[in-house]
Structure formats: C-alpha cells, structure tokens
Amino acid sequence: MQTVQEHKRGWALRDVIFLAIIAIFFGVIYQVWGASYYALAAIPALKPFANDMTIGVWLMAGPLAGVLLRKVGATLIGEVLAAVVEMLLFSSWGAATLLYGFVQGISSELGFTLTGYKNWDKIGLTLSVITSTLITFAWDLFNSGYLAYKPGLLITLFIIRLISVGFFAGILVYLIKVLVEKSGLLKR
Amino acid sequence: MTTLAVKNFSFAYDTGQRNILNNISFSPVAGSFNLLIGPSGSGKSTLLKAMAGLMPKFGGIVTGGQILLDGQDIQPVAPFERAKRVAMLFQNPDRQFAMRTAPEQIAFALENIQLPAEQIQDRVADVMTRLNLTAFAEQDLMTLSGGEKQRVALATILAMDSDIILLDEPFANVDPQARQTLLHDLQALQQTQGKTIVISDHDLSGYAELVDNLYVLEATTGTLQSASLTRLTNLAPVVPFTGHPNPAGDLGWRQLHVSVGERTLLTGTTFTVPSQQIGLISGSNGIGKSTLFKALTKQIAATGTITWAEQDARKIKAKAWAKRVALIFQTATDQFVTMTVAEELALSQRQTAYPDFWTAERVADAVAQLNLTGVMDHIVYQLSGGQQKKLQTLVMLIMGQPVLLLDEPLAGLDQDSVQAVMTLLQSTVHATQQAILMISHQRQGLADFIDYELVFAEQQLRLVGGATHA
Amino acid sequence: MPKLNPTVLLVIMIGIGFQTAFVKSITMNLIVAGVTLLYLLLAGVKWRYLGVMFAISLPLAFATWVSFIAFGTGNTTHLAWVYATRLYAYLFLGGALTLTVAVKDLLFSLHRHAHLSSTFTYGLLAAFNLLPRVRRQVKTIQYAASLRGVTYHLWSPHLYFKAVLSALQWSDDLALAMTSHGFSEGFPRTDTINDPLPKWQWLVAVLLIAAYAVGAWVIQPR
Ligand SMILES: Nc1ncnc2c1ncn2[C@@H]1O[C@H](COP(=O)(O)OP(=O)(O)OP(=O)(O)O)[C@@H](O)[C@H]1O
Ligand SMILES: Nc1ncnc2c1ncn2[C@@H]1O[C@H](COP(=O)(O)OP(=O)(O)OP(=O)(O)O)[C@@H](O)[C@H]1O
Ligand SMILES: [Mg+2]
Ligand SMILES: [Mg+2]
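Protein chains in written order, with this note's numbering: chain Y, 9 to 196; chain S, 49 to 518; chain E, 3 to 224.
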C-alpha cells in the first residue's frame, strides 16, 4: 500500500474548503450590505462618500482569512475568492469586482508581509489597514478617476476611507479573531 | 480479505488531558456485523474515525497502541488505499458530499481510488440500481431527505468496494421506515458479499436479528467491553401516542399551505397548538416537518392564515413573533449566542418571560437534572454533542416563549438524557402553561410524556387515534 | 456559434478588464460592452435578463456620472461619460463568464488547462455546492439571536464569528468525508474531465486582447 509522506506546510484540503466557505459567507453578507451601499451611492451627491465609507466592509474577508489561517497568501486568496463569489451572485461592478478583489487582496496581504508573516495580531492588522488604505486609494486615484476630484474632497475621502478600513478590516476583524480563538475550535 | 485490528489503542484529544479511549483492543471478525454502543460522549465517533485512519490527522493524539490495516499501521496509508479497504459513513448526512448529484459523487470517489475511466460509468450505474437510487440520478443531493442522503453515501462506499464498512450513528436523522430499509441493505451486503460491518447507535431497535457482536464503550474508563446480545431483545415496545390535545391555545393555523419551490408539502390543514401540553409530530424524512416549523416561525412564507389568539400573524412583526413562537434548531450550535455555559444560562435568565419561575435555584436544579453542573464554565462549542443538545433545550426553555417548536431535540441523546430532558419539559409546561410541539424520529421512552401525536403524511397532518381534529 | 472554453474566457476577461482600468475612452468602453453583449446574446442568455442587469446598474451609473460633473475638475463631462460607460463594459465583460459558464466547468477547465491543483479544484467545488446552505445560515444566525432578545448588526463581531464557526465545522466535516471517500492530496486520480480547448481559441484570446491594446493605446479614440 502506498503511504503519505509527512507533507510540507502547504494548502491542505480542509484549509482550502474553509477559506472558500468564509469567502462565500462574505459574498452573501456583501450582498446584504450592497443594499445599503446602493441606497447611499444612488444619491449622486453622496456617491463618492458612499464608496469610501463602505470600503472597509469589502476589505474584511482577506485579513480575516489571514489571521485565522496564518498562511502566506491566505489574505490574498481569501479576498479574491470573496470577490469571485460576489461576482457570481451578481454585482453591478461585473468583471471589475475581480480586479478590485485582487488589488485589495494584495494591499491587505502586504501588511502581513511587512511583519515577515510573523505577526498575525494587532501589529499585522494595523499594518494591513495602513497598506490597504494607501494602495486602494492610490488605485482609485489613477483608475477610478479620483484625480479629477478637487483636493479638499480628496483629503476628506482619504480620512473617511482610513476610518472605514480601520474599523471594519482592523478592529472588527480583530474582535472576530478573539472570539474564534476563545471558542477553542481553531486547532489547526 | 482485509483485516483491521485495533491493538491496545489509547487516544486523547489534547496533551495532558485524559484518554478518551483507553487501551482498546478490537478486531472485527471478517464478514461479521458489530454494534457499538455507549453513552453520549464516550468516544464512539472517535474510535470509528481512528479505525478509518482519519485520526490523528483530523485531531487528537495517539497515546498508546496502534491500529493495523492488513498488518500495517493505518495512519500513514494514503487515503485512496484506505478507502478501497475501509470506508466510513458519517452521522450528519448533510456534509458528506463534494459533488452536486449522486452519480457525480460516486464517480468522484471512483476517480479518487484510480479506477480506470472506462469502468467508472458502469460501476456507477450498477450501484445506483442496486440501492434503488436511479430515480434520484438528476436530483440535487442537497434536496434529498436524510434517509436518501445516507443511501447515496452507502452507494458510494459500495462502489469503492471496501471490505470493511464503519457507520457512525448513521440513522440519527433518519425516520424508522428508512432506517429499516438501510439496515436491510446493510444486512444484504454483509450476507451476500461478506462485508464486515461496525455500526454505532443509541437506538437499539431493529438490531436483534442482525447483530453478531455487541460492544459497549464505557464513558468513565474509556474501555471497550463485549456485552450480551440479550440487551437487544428486551426492548420496550414502541406504541403510538393516542392522547387528545386540549382545545385551547394561542398559536393556530387555518387552511395552511406550505411549499418549497414547485413542491407542495402541506395543503389546507387547520390546528390549534394546545397550551400546557407536549405534542409530537412524526413523519418520514423529507416530508416537510422542519419546513412547517419554519413557516410557523415566519422564516419562510406560507399561504393560509397563521393566528395568535385569533389575530392574523401577518399583522405581527418578526421581532414580536420571535417573542411568542420559538424554534429549537436541529443543529444545537446554531442556537448559541455567547461563549460559556454559564453565560448562555445568564443571558436566558435576563431575558426570560418567567422571571419568577426561573429563580436561581430552579435553574441550578435543572442544570443538575441534565447533568451539566460540571461544565458550567466550559465553552459551549467544546461540549459533547449530547451536552450541547441538552443545554440548547434548557436555554430556550428558560427564555419562555409561550410556544416552543423543538426540531429533533433528542437526536443523539442516550436514554438517561432523554428521560431527563422530557421530565424537565413536562414539569415546566405544567407550571408555565407553555405549549410544546416537537419533531422526533426517536420514540423510545416517550410514552409518559407525549400528550398527543400528529402524523405528517401525504401533505396532511393527522391526529393519531383522534377525530379529524387536525 | 462555438462556445469559448472557460479558461480562454477568463484569460480574455482579465486581459481586457485589466487594461480597461487604465483606459479613459468612451469608445473603447462602448465597444467592449457591445461585443460582450453580442456574445451573451449569441450564447443564449435571455434578453430580459440582460435588460434587468442593465436597469439595476442604471442608478449607480447615473450617480457615478453626476459625481464627476459635480465634484470633478478639468474635462468633467468626458470623464463622467468614461466612468459611466466603463461600468457597463465591466458589467457585461463579467457576465460573459459568469452567465455562460457553470462554476464546476470553470474549475474543471482551470484544473485541466491552468494547473489548478486537485485540492483547490475539488475543495472549491465542494464549498461552492454549499452556497444555498450558506444563504440560509446567514438568516439562521440572525434569527437565533432574535430568539434570545439579541440583535446582530452588520457591524457586530458575533455575526461574523458565527459564520466563521459554521465554516470551520463544515470544512472539517467535508474534508473528513472527502478523505474517507479516498480523496488523496498529492496523488494522481483518474481523469475523466472532458474539456476540449482547440488551439484556435487561444488565437482568439490573443487577437482580442491585442486588438483592444492597439485600440486603447495606439488609436486612442475618445
Ligand atoms: N475535536 C475534539 N476536540 C476535543 N475534544 C473532542 C473533540 N471531539 C470530541 N471530543 C470529546 O471527546 C469525547 C468523545 O467524543 P465522541 O464524539 O467520540 O463521543 P461519542 O461517543 O461519539 O458521543 P455521541 O454519542 O454524543 O456522538 C467527548 O467528551 C467530546 O467532548
Ligand atoms: N430550500 C429548499 N429548496 C428545495 N427543496 C427544499 C428546500 N428546503 C427543503 N427542501 C425539501 O423539502 C422537503 C421537506 O424538507 P424538511 O426538511 O422539511 O423535511 P423533514 O420532514 O424535516 O425531514 P427530516 O425528517 O429528514 O428532517 C425535502 O424534500 C427537502 O429536500
Ligand atoms: Mg458520536
Ligand atoms: Mg427536519
């Protein structure tokens, strides 16, 4: 009979399924959120603010996957998968959802990379909040036409975005992680 | 013929914790039918998973001995090599399938064991026919009933042609009819194909004719003992519950019609749920019992009228409705909203509709009655399945909604726990005048507690032994 | 019309979608939206469905348009139209994949032609098959809280915590069951996937992406 060699710390089947189910949960929850985003964004005067107020929500799946799995790439894959699910469930952003998911995933992952993938706690999350706010904002400057906005508005938008990302992808993710650890079910 | 031998095997879930399994030796005879019993939490699932080679890969540590498959340590054997020899069927029929339909699932398993491509289709067709599954070939597995899902799981094992079949409480969510059919299927496999069968179960009915050996796993010592087969024949007979419901109650429905998708589950029934009584709803898998409860708790839409004290339920908001009619879920962990047993109880005590009744003493008594005193500061998610089930029922009972709908509250409980839960429910509803309606496939030991029974069949609810009340 | 292989469709979608993010051309956006819409119709997607998609996104497109007129600097009208039309380019580009290819076929295709490992292919597939259950679970989580007099908001950690717990339990159960059904990570399996990818389809992909590049970067229409 063939036997299994004690394998390297790669992606195990159960981690892949776990990550995917998390992503699907977020895809479904994003849809619930989508309603409030639409309500805000469909009011022309609020459109730019709606984007930056809610962006933190769309950035949660990645860091959460990261701190739960503590693996290189988990943040990126988690975020991209959540975007894929969102796109499949229907998103007005269509193919752009995937692109945004990728950009957001990379920018959140970078925070953990900066700690050398050693810190999956407050420091890693804080750095991840900073990198993702900066990079996604830069992306929007060049690719979503933010450069065309007046400077005063840009500063306001940046601050709103930092708060949104800090709360959802930072504090909220941290609180969820604490609860999961306390439940004792995360023995991986 | 494959041999599987458990040799002086000991196992714990964490370093420094006690051995769940203690020095167990067990070698099922080839071609025999073995039943494994033991109280909830004694380690039956753990032992079976270890015998399937899934432990410690999926948790825990081996603290002594070993398990040999054809004389070789089972754990490092590649899964596809194991699956050809030992296969396992799990308690929860809902999450055993990777694919969407039965033929896809069976083919998936056959690809795993590297059966040549040209043989796969024939093998799939063959087992589909043998287990009478051809009618379900196109159907989404998710929409099959519990019993049907277990048949598909059995078909998958059969297709892989494993010699040894391990089944972990495969009937916990299966109705008596489907249970008989599955037991019959198993017997046929054992007798005509010489399969070795090891099965764990709480419900001993229907085994007397089948079983060659009976084993008991002791909860306190973690040891395995062989027991006399007479335990399987001296069972109390199961009787229909012919009592009558009281006429008065708050929750009622008229001409209720429930359907999912295209399919009608219930047409035009009328009933009032009587206060101070415990009613049982029985009926085969997939008939629509759980769906009826979802309609009554307003989680899905239904046509006809649901009423609360003659008032139309549509006029009552979801939040207010949740204060009147409560659902106790089939999956216990879905019910919990805090972290520890004590916190769960404290939350319910804060929110209870009967603060005078649920005094600290009474709660403590109930906790003792359910044998939960020792786990007050445990995390709810780390309790055994049986403990979770009991805690879930208790916290909802304390909440005190006037109508409690319990979906399989006794699944997986041992007889002592069943008695304790039912006694508590009965004494509480007598004092508080709450109404309880419960779905249960398990009927053993319920004779003293059930006030009336509604049978769900052919899209109707019929009162047992009664007039056309329902 | 022969259907494009899912892997090829994905490559086209990424190849054009990525460039679109950097291109500020109304014409190019309209061409992408028009061509993908045509593909969708040829692939048999219902008119009515596409109409609904168009309508749902209309308020968003309108708000995007207004926000540039109101808050923008420079050539605001042009930018407003660029971003409003880009929304539709992306919408139908995404639809060209999601509305014509089942998740299973996409995963199998990627397994076959893009080296997606068995573990990812079947792990993702098993998880995606749980989608309806995940939907129900989100509702159950909220309902369970309301039964105890607790309300979960979208910013309550407990809501997500319960979702994570379900994910943990479900992934454990599924992985256990798949392993016991013989699924072995890192070992070969019998391959029965039938997903033809004729060479000309790669040519189509390269031509389409190149044509877009030439249009967007060389011709640069408004
Ligand atoms: N993953 C785990 N981590 C830690 N402890 C566990 C784990 N799984 C089970 N246990 C504990 O091990 C003991 C044996 O559990 P097991 O599920 O094997 O019992 P069982 O006899 O199958 O019970 P039941 O009849 O309720 O299914 C229980 O006390 C349980 O709480
Ligand atoms: N969302 C859904 N979509 C399609 N079919 C569904 C859905 N939910 C339930 N069903 C089907 O409706 C039928 C009734 O299901 P329900 O869960 O109410 O059965 P049940 O009587 O509670 O069975 P069991 O005893 O197995 O728990 C089943 O055939 C089930 O597959
Ligand atoms: Mg068990
Ligand atoms: Mg049910």
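Don't be surprised by glycine CBs; every beta carbon is placed ideally from N, CA and C.
Relative to ligand 2, S:THR191 has its C-beta within less than 7 Å of a heavy atom.
Counting only the Cα atoms, S:THR51 lies some 9 Å from S:THR244. With its beta carbon less than 8 Å from one in chain E, Y:TYR157 belongs to the interface. Between S:ARG171 and S:LEU189 a beta carbon distance of about 19 Å is seen, past the 8 Å cut, so the two are scored as non-contacting.
Secondary structure of E:LEU6 (DSSP, three-state): coil. In this structure S:ALA357 is exposed. Its beta-carbon is surrounded by fewer than 16 other beta-carbon atoms within 10 angstroms. A distance criterion of 7 Å places the beta-carbon of S:SER93 in contact range of ligand 3, judged by its closest non-hydrogen atom. Taking a beta-carbon distance threshold of 8 Å, E:ILE58 counts as an interface residue toward chain Y. Nearest C-alpha to S:ASP251 among S:LEU69, S:ILE85 and S:ILE161: S:ILE85. For chain Y, the residues of the region 114-125 of chain S that bring a beta carbon within less than 8 Å of one of its beta carbons are LEU117, ASP118, GLN120, PRO124 and VAL125, in chain order.
Between E:LEU170 and S:LEU102 a beta carbon distance of about 17 Å is seen, past the 8 Å cut, so the two are scored as non-contacting. Among the residues facing chain Y, E:TRP49 is not included, as its CB has no counterpart in that chain under 8 Å away. For S:ILE109, the distance from the CB to the nearest heavy atom of ligand 1 is not below 7 Å.
Note on S:GLU392: 16 or more other CB atoms within 10 angstroms of its CB, so buried under the neighbour-count rule. Beta-bridge partners assigned by DSSP to S:LYS55: S:GLN114. The three-state secondary structure of S:ASP223, taken from DSSP, is coil. Taking S:GLN241 as reference, the option from S:ASP425, S:ALA78 and S:THR421 with the minimal CA-CA separation is S:ALA78. Taking 8 Å as the threshold, the shortest C-beta distance from Y:THR134 to chain S does not fall below it. As the crow flies, the alpha-carbon of S:VAL259 is around 48 Å from that of E:SER111. In the structure shown, the three-state DSSP call for S:PHE405 is coil.
If you check the CB distance, S:GLN324 and S:GLN481 come in under 8 Å. With its beta carbon at least 8 Å from every one in chain E, Y:ASN127 lies outside the interface. Interface with chain E (8 Å Cβ-Cβ cutoff): S:ASN419 is excluded.
Within the region 404-432 of chain S, the residues whose Cβ lies closer than 9 Å to some Cβ of chain Y are ILE427, VAL428, TYR429 and GLN430, listed in chain order. The way I'd put it, the region 85-104 of chain E doesn't touch the region 109-118 of chain Y; fewer than three beta-carbon pairs between them come closer than 8 Å.
The set of residues with any CB-heavy atom separation to ligand 4 below 7 Å comprises, in chain order, S:LYS337, S:SER338, S:GLN378, S:ASP455, S:GLU456 and S:ILE487.
When the beta-carbon positions are compared, S:LEU375 and S:PHE405 stay at least 8 Å from each other.
Identification of residues in the region 100-121 of chain E having a C-beta nearer than 7 Å to some C-beta of chain S yields an empty set. Its chain contains TRP41, SER44, TYR45, LEU48 and SER172 as the residues whose beta carbon lies nearer than 8 Å to that of Y:THR62, once the 5 sequence neighbours on both sides are disregarded; these appear in chain order. Shown here, S:VAL134 sits in a strand according to DSSP, grouped into three states.
In this structure S:LEU214 is not in contact with S:PHE74, their Cβ atoms being roughly 12 Å apart against a cut-off of 8 Å.
Looking at the DSSP output, E:ALA82 bridges to nothing. Secondary structure note for S:ARG311: its beta strand (DSSP E) is the uninterrupted segment 311-320.
Here the distance from the Cβ of S:GLN153 to the nearest heavy atom of ligand 3 is not below 7 Å. Judged by their CB atoms, S:GLY433 and S:GLN463 are not nearer to each other than the 8 Å cut-off. If you draw a straight line from the Cα of Y:PHE145 to the Cα of S:MET147, it comes to about 40 Å.
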